[in-house]
Amino acid sequence: MARTKSDAGAPDATGKKQKKPKKQRWYHQVWSAYQMTRKQDPTVTWVLLGIFVGVLLLAFGIGLVFDAPVYSLVVGLPFALLAAMFTLTRKAEKAAYTQIAGQPGAARAALGTVRGGWTFDDEPVAINPRTQDFVFRGVGRPGVVLVSEGPSHRVQRLLEDERRKTARVLPNVPITLIQCGDEADQVPLPKVARRVQKLKRTLTKPEADQVRKRLRALGGARLPIPKGVDPMRARPDRKGLRGR
Numbered sequence: 034m035a036r037t038k039s040d041a042g043a044p045d046a047t048g049k050k051q052k053k054p055k056k057q058r059w060y061h062q063v064w065s066a067y068q069m070t071r072k073q074d075p076t077v078t079w080v081l082l083g084i085f086v087g088v089l090l091l092a093f094g095i096g097l098v099f100d101a102p103v104y105s106l107v108v109g110l111p112f113a114l115l116a117a118m119f120t121l122t123r124k125a126e127k128a129a130y131t132q133i134a135g136q137p138g139a140a141r142a143a144l145g146t147v148r149g150g151w152t153f154d155d156e157p158v159a160i161n162p163r164t165q166d167f168v169f170r171g172v173g174r175p176g177v178v179l180v181s182e183g184p185s186h187r188v189q190r191l192l193e194d195e196r197r198k199t200a201r202v203l204p205n206v207p208i209t210l211i212q213c214g215d216e217a218d219q220v221p222l223p224k225v226a227r228r229v230q231k232l233k234r235t236l237t238k239p240e241a242d243q244v245r246k247r248l249r250a251l252g253g254a255r256l257p258i259p260k261g262v263d264p265m266r267a268r269p270d271r272k273g274l275r276g277r
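The sequence shown runs 34 to 277 under this note's numbering.
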């Protein structure tokens with residue numbers, strides 16, 4: 034039976050009161066993001082301080098020109114904080130991708146940040162158990178996207194086989210192939226989500242839903258991907274960084 038709000042804090046079977054989970058405040062999220070980033074980039078503290086002080090000095094200089102230095106500092110303070118938080122956000126994202134780089138399933142974790150109506154299967158649709166090469170499938174208004182993870186010379190055949198398999202079921206739907214990796218002809222892990230989001234929309238929402246339904250029959254690979262670090266968990270909450 035589901036617990037209601039009134040059940041929160043009520044005694045459990047052992048007679049002990051269950052504690053309510055603490056709500057994470059925005060400053061806790063900022064601190065977690067900072068600690069995670071500092072492990073990957075020890076210089077982040079000085080970078081943030083430099084940006085904060087630099088923006089304040091710029092505001093102070095503008096205030097001297099207009100003979101209002103104190104007012105300019107007051108106005109410049111929130112801009113200095115915003116610049117520092119924006120820098121921390123970008124560095125935290127980079128640190129999160131650095132953490133998962135090279136782990137099996139890293140491409141799928143990165144695709145979890147894609148927005149705009151895209152859906153991705155949690156498990157790969159094609160897998161090479163010996164080499165741990167994967168192909169992940171997503172569906173959105175641009176059609177079907179197949180994203181591989183592994184060296185180019187190995188994943189090319191996996192991608193082509195999956196493309197033919199998908200095309201037999203959806204002959205008139207665009208299918209985009211993307212190789213995620215560090216080779217010259219591949220898309221780096223931090224950029225794969227943006228590459229997917231830049232694809233041109235060719236389907237309506239009802240058509241995309243029909244594509245998803247038809248692809249469910251194809252299923253995916255039987256072996257689940259190993260658990261990795263999800264960038265959505267490692268990266269800071271943007272709303273939290275803005276104090277909302």
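From the three backbone atoms N, C-alpha and C, an ideal C-beta is built for every residue, glycine too.
For the candidate residues the options, whose alpha-carbon lies nearest to that of residue i?
i: Leu-90; options: Ala-113, Leu-191, Pro-204; result: Ala-113
i: Leu-106; options: Ala-250, Gly-96, Asp-100; result: Gly-96
i: Val-172; options: Gln-165, Ile-84, Phe-153; result: Phe-153
i: Gln-62; options: Thr-122, Gly-94, Arg-141; result: Thr-122
i: Trp-64; options: Ile-84, Met-118, Val-80; result: Met-118
i: Thr-146; options: Trp-59, Arg-247, Lys-238, Val-225; result: Val-225
i: Val-229; options: Gly-150, Ala-116, Gly-138, Ala-200; result: Gly-150
i: Arg-234; options: Asp-218, Gly-176, Thr-209, Arg-249; result: Gly-176
i: Leu-81; options: Ala-200, Gly-138, Ala-116, Arg-245; result: Ala-116
Can residue i and residue j be called in contact, C-beta distance under 7 Å?
i: Pro-207; j: Tyr-130; result: no
i: Glu-195; j: Ala-159; result: yes
i: Ala-128; j: Gln-73; result: yes
i: Pro-184; j: Phe-169; result: no
i: Ala-66; j: Ala-125; result: yes
Under the three-state reduction of DSSP, which class applies to residue i: helix, strand or coil?
i: Glu-216; result: coil
i: Thr-237; result: coil
i: Thr-76; result: coil
i: Gly-87; result: helix
i: Gly-183; result: coil
i: Val-178; result: strand
i: Val-225; result: helix
i: Leu-97; result: helix
i: Val-63; result: helix
How would you call residue i, buried or exposed, if buried means at least 16 neighbouring beta carbons within 10 angstroms?
i: Leu-256; result: Because the pLDDT of Leu-256 is 45, which lies under 50, any placement of that residue in the model is unreliable, and the number read from its coordinates should be weighed accordingly. By the neighbour-count rule (16 or more Cβ atoms within 10 Å), Leu-256 is not buried but exposed.
i: Arg-227; result: exposed
i: Ala-241; result: buried
i: Phe-99; result: exposed
i: Pro-75; result: exposed
i: Glu-193; result: exposed
i: Gly-94; result: exposed
i: Val-220; result: buried
i: Ala-140; result: buried
i: Thr-164; result: exposed
Which ranges would you report for the alpha helix (DSSP H) in the segment 109-170 if only whole runs of at least 4 residues count? 139-144
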